[in-house]
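If you use my numbering, the sequence shown corresponds to residues 21 to 254, in order.
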Amino acid sequence: MTDQLVSIILPAYRAAPSLVETIERIRDATEGIEIEIIVVDDGSDDGTASVALQAGADQVIEMKQNRGKGAAVRAGVLAASGSYVLFTDVDLAYEPSQILKLIDALNADADVVLGSRRHLASQEVNSAGLVREWGSRVFNRLTRILIPSPHLDTQCGLKGFRSQAAQSIFAQTKVDGFAFDVEVLFLARKLGFVITEIPVTLDHVEPSTVKFIPQAVQMLWDVIGVRVRSILGR
């Protein structure tokens with residue numbers, strides 16, 4: 021598969037109940053590959069960091085307050101030492117064996133690999149619910165108007181990078197919330213990195229710590245911020 025060290029970042033907020041199983045499943049799925057698991061505790065109040073250490077995470081980063089998924093992933097990327105740097109959702113909505121697909125694509129000379137739920141070969145085991153599904157589609161449509169992009173799914177929680185690409189991109193990101201993916205892809209294209217999309221299988225898990233409507237509004241505001249910074253050359 022690869023002889024490179026692979027850093028796997030898990031942004032985690034109030035994830036103590038699931039972390040042991042999550043880390044075990046990732047290690048089982050990547051057996052034979054040298055990995056480091058980096059858990060970034062995004063200001064949790066349920067002992068997430070302690071559980072991560074007990075579960076055998078290689079690095080645990082504790083953020084003093086809840087800043088958002090973008091900030092957590094950024095902290096993990098900038099601390100990673102692997103030649104390949106990946107991140108996935110701590111609830112493992114994307115079965116961890118799919119990490120191997122990211123590694124294959126990176127081995128095939130991609131700099132950035134995106135899981136895409138809109139890929140023709142992708143599958144969804146459980147429905148996300150009508151409101152969330154249509155909200156996602158509307159967000160993607162508005163995002164592509166504000167920031168023209170060939171990617172139909174910016175928000176998939178399974179992405180991988182060569183180390184140089186990861187460090188170059190995340191050193192410049194400013195979005196702390198869920199819209200950070202849009203900024204990451206915008207910078208990846210701007211910096212000229214080779215981007216590949218792969219199909220995924222999504223077993224939808226309702227994120228209890230996310231309030232959909234307020235987050236959607238904040239995400240659109242953050243996307244507008246990316247567009248403004250681009251126009252101003254910042």
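Even for Gly, the Cβ is constructed at its ideal location relative to N, Cα and C. Note that the coordinates shown come from a computational prediction; the quantities given were computed from them, not determined experimentally.
With 16 other Cβ atoms within 10 Å as the buried cut-off, status of residue i
{"i": "D111", "result": "buried"}
{"i": "R182", "result": "buried"}
{"i": "D129", "result": "exposed"}
{"i": "A186", "result": "buried"}
{"i": "I165", "result": "exposed"}
{"i": "E203", "result": "buried"}
{"i": "S64", "result": "buried"}
{"i": "A257", "result": "The structure shown has nothing for residue 257, since the chain only spans 21 to 254."}
{"i": "S228", "result": "Caution applies to S228, whose pLDDT of 48 falls short of 50 and renders its modelled position unreliable; the value that the coordinates give is listed next. Exposed: under 16 other Cβ atoms inside 10 Å."}
{"i": "V71", "result": "buried"}
{"i": "V9", "result": "The question about residue 9 has no answer here: the residues shown for the chain are numbered 21 through 254."}
Nearest-angstrom Cα separation, counted from residue j out to residue i
{"i": "F213", "j": "D131", "result": "6 Å"}
{"i": "D66", "j": "I251", "result": "41 Å"}
{"i": "K179", "j": "L106", "result": "6 Å"}
{"i": "I57", "j": "Q79", "result": "7 Å"}
{"i": "F206", "j": "I167", "result": "8 Å"}
{"i": "L73", "j": "D223", "result": "27 Å"}
{"i": "S103", "j": "G177", "result": "20 Å"}
Residues bridged to residue i (per DSSP)
{"i": "D61", "result": "A32, E82"}
{"i": "L178", "result": "In DSSP, L178 forms no bridge with anything."}
{"i": "A146", "result": "Ala is not the amino acid found at residue 146; the sequence shown has Asn there. DSSP lists D223 as partners of N146."}
{"i": "S27", "result": "E56, V105"}
{"i": "E217", "result": "L134"}
Sequence-distant residues of its chain with Cβ nearer than 7 Å to residue i (five each side left out)
{"i": "A95", "result": "V60, I81, M83"}
{"i": "S38", "result": "V110, D111"}
{"i": "D242", "result": "V195, G197, A199"}
{"i": "T68", "result": "A32, R34, A35, A36, L39, D61"}
Cβ shell of residue i (< 6 Å), same chain only, five flanking positions each side left out
{"i": "A91", "result": "D196"}
{"i": "R138", "result": "L172, D173"}
{"i": "A125", "result": "V133, T216, I218"}
{"i": "E54", "result": "L25"}
{"i": "K121", "result": "I218"}
Same chain, Cβ closer than 8 Å to residue i, neighbours up to 5 away in sequence not counted
{"i": "F159", "result": "Q175, A236, M239, L240"}
{"i": "Q184", "result": "D131"}
{"i": "S117", "result": "A49"}
{"i": "I244", "result": "L166"}
Supposed contact pair residue j and residue i - C-beta distance, whole angstroms, cut 8 Å
{"i": "S136", "j": "V220", "result": "7 Å"}
{"i": "L30", "j": "T108", "result": "7 Å"}
Closer than 6 Å: residue i CB and nearest the ligand GDP heavy atom
{"i": "G180", "result": "By its list of ligands, the structure shown contains no ligand whatsoever, and the ligand GDP lies outside what it can speak to."}
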